[in-house]
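First the structure, in the form of C-alpha cells, and then the observations on it.
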Ligand code: FES
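Quick look at the structure:
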C-alpha cells in the first residue's frame, strides 16, 4: 500500500482498530465465565459427578478435549480419543469400544488395541473430583495407568 493511500483514508485504519477492539471486548466475558479454565490449563471440568456416573456410563468429550469419561464396575476413568497410530480421533462403537476412522484400528473400552495398525493402547488421564461430590475434573497433562479408577 502506498503511503499516499494511507493518507487519503486516515479514518479507515482507525475504524478497523476500533472494530477489532470491539470484537475482542465482546468475546472477553465468555472467556472469563465463572469456572472456565484458561486454554493453557490442562484440567477439564466436566458436567459429571461421581454420583451421576454409574457403571456403564460413557460421556463423549472428544470435542474439543479429546477424551471419553467412562464408568465401569471398578470406578471412573478418562481415556484418550486420540488414536495412537497417527492421531485421528476415534469414535465410540456401539458402547463396546472405539474405532478409528482413518485406518481401522479398534480398541476396547479400556483402550486396549484389538486391531491395528495401532500398536499402543489409548492413554488414560487422571480423574478427580473438584471438591467432594463436585464435578469430575480430567487432567490432560497427567497420564495414569489404565487400571487407575476414581
Ligand atoms: S490414525 Fe487411527 S488407525 Fe491410523
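Residue numbers (the working numbering): 22 to 171. The C-beta atom is built at its ideal place from N, Cα and C for all residues, glycine as well. Because the structure is a prediction, the values reported are computed rather than measured.
- If you keep only unbroken beta strand (DSSP E) runs of at least 3 residues inside the segment 71-99, you get 79-82 and 88-93.
- Ranked by Cα distance from residue 101, the options 68, 62, 111 and 152 are led by 111.
- Residue 97 and residue 146 have their C-alpha atoms some 11 Å from each other.
- When distances are taken from the beta-carbon of residue 107 to the heavy atoms of ligand 1, the shortest one is below 7 Å.
- Annotated three-state conformation of residue 122 is coil, per DSSP.
- Within the chosen limit of 7 Å, ligand 1 reaches the beta carbon of residue 139 through at least one heavy atom.
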